[in-house]
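Counting in our numbering, the sequence shown runs from 79 upward without gaps.
Even glycine gets a Cβ: it sits at the ideal position worked out from N, Cα and C.
Note that the coordinates shown come from a computational prediction; the quantities given were computed from them, not determined experimentally.
All remarks here apply to the structure that follows.
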Amino acid sequence: MRLHAKPLVGKDFERACKKLERIIGDEPLSLNDIANLLDISRGQAWKVVKALKKKGVIKYIRCKGYVRVSNGG
Numbered sequence: 079m080r081l082h083a084k085p086l087v088g089k090d091f092e093r094a095c096k097k098l099e100r101i102i103g104d105e106p107l108s109l110n111d112i113a114n115l116l117d118i119s120r121g122q123a124w125k126v127v128k129a130l131k132k133k134g135v136i137k138y139i140r141c142k143g144y145v146r147v148s149n150g151g
């Protein structure tokens, strides 16, 4: 996870989305996990998650004190 990351736009954003599409599965991932795996900040990870939710790749986002993202139950 990066605290001060450069802006995630254009090809970098698309690359992060594709990478997360491959990683995402039934096991829930936290926002910190996603940020660490993609080497981006949590704010940028949230933007990627929202974009994939809009696309229909991510089915579940649970927000109860923390964010969990998954495709399964």
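In this structure, V126 sits away from I102, with a CB-CB distance that is not shorter than 8 Å. Residue state for V147 is assigned as strand, using DSSP reduced to three classes. In this structure, L116 is the residue among D104, E105, L116 and L107 with its C-alpha nearest to the C-alpha of C95. If you check the CB distance, N149 and D111 do not come in under 8 Å. For V87, the number of other beta carbons within 10 angstroms of its own is below 16, and it is reported as exposed.
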